[in-house]
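Encoded as structure tokens, the structure appears first; notes follow it.
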Amino acid sequence: MQLVPDATAFISLADLANVSLDGDGMITLSIIDEKYFVAQLYFYYSAMNAGKSTSLLQSSYNYHERGMHTLIFTAEIDDRYGKGRVASRIGLSSSAELFSQHTDLFREIKHANDAQELHCILLDESQFLTREQVKQLTYVTDHLNIPVLCYGLRTDFRGELFEGSLYLLAWADKLIELKTVCHCGRKANMVLRLDAEGRPFHDGAQVVIGGNDKYISVCRKHYWQAIEQDCQHAIFGQGAKNSSDR
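Numbering-wise (my numbering), the sequence shown opens with residue 360 and increments by one.
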């Protein structure tokens with residue numbers, strides 16, 4: 360029997376297990392036979408500031424706590440916290456391998472696994488993957504039998520899918536939405552890009568690295584209101600609210 364405080368870290372075992380909750384709400388997995396374990400590819404997606412990096416780091420910690428080994432990747436293009444680091448807004452952080460559009464992820468992971476058995480691959484900023492790299496990750500699960508957990512944005516500031524997100528949505532075994540909220544209380548599923556004056560704009564390159572000073576997550580209603588009406592209230596919820604705003 361195995362008690363798993365965070366089922367997301369081991370959830371790929373669930374299809375081969377009897378799953379139940381004990382009195383404390385812990386998930387109990389009764390593994391049938393680990394030799395029949397089939398790894399899966401997961402895509403945890405959300406708008407910005409939904410806790411993707413926190414979830415990734417917690418899952419990695421859960422593996423390490425049980426004497427297992429993980430390999431973390433993050434995008435080379437994202438240097439907000441320094442090169443080769445995954446960091447969360449609540450202060451958790453970890454070193455990570457870098458990937459660019461030219462990285463052969465299957466080769467990198469196979470080489471690392473040959474040196475030391477890996478039990479899980481965790482990949483942050485997975486929206487920046489290419490189609491070929493998502494395919495490589497399916498090979499990691501299908502041929503190396505290592506679970507892969509990808510975390511990333513679903514859409515950009517224009518409401519368009521990133522390339523990596525597009526193919527993860529198409530090819531992942533499991534899709535899990537991580538939720539955050541708009542200032543109005545609705546689920547925030549869209550991302551606005553802000554200019555230097557804090558006003559929304561809808562043009563420019565798809566990728567511009569930034570945090571809360573450049574991007575904000577809002578619900579669909581306030582996304583279109585901000586874009587079409589250039590409305591500050593739609594972004595930050597400032598000013599009087601009436602029933603139509605809720």
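Yeah, the Cβ is synthetic: ideal placement off N, Cα and C, and Gly gets one too.
Please read all numbers here as calculations on a predicted model, not as lab measurements.
Segment limits, beta strand (DSSP E) that includes G511 | V507 to L512
Going by Cα to Cα distance, which pick from S454, H470, E476 and Q475 is closest to L482?
-> S454
Work out the CA separation of C479 and N472 for me, nearest whole Å.
-> 10 Å
Can you name the residues that DSSP bridges to E456?
-> F432
Roughly how many angstroms lie between the CA atoms of V540 and A474, to the nearest whole one?
-> 43 Å
Going by the CB atoms, is the gap between R552 and K580 shorter than 9 Å?
-> no
Contact between the region 400-409 and the region 512-528: three or more CB pairs below 8 Å?
-> yes
How is A585 classed by DSSP in three states: helix, strand or coil?
-> helix
Return yes when the Cβ of K469 is within less than 9 Å of the Cβ of V493, no when it is not.
-> The criterion of a C-beta distance shorter than 9 Å is not satisfied by V493 and K469.
For F396, which of M549, K533, D501 and T413 has the nearest alpha-carbon?
-> D501
Could you tell me the distance, in whole angstroms, from the CA atom of T489 to the CA atom of D554?
-> Rounded to whole angstroms, T489 to D554 spans 28 Å at the Cα level.
Contained alpha helix (DSSP H) runs [length at least 4] in the region 520-571, N- to C-terminal order = Listed in chain order, they are 522-530.
In whole angstroms, what separates the C-alpha of E587 from that of S485?
-> 29 Å
Status (buried if at least 16 other CB within 10 Å, exposed otherwise) for K411 | buried
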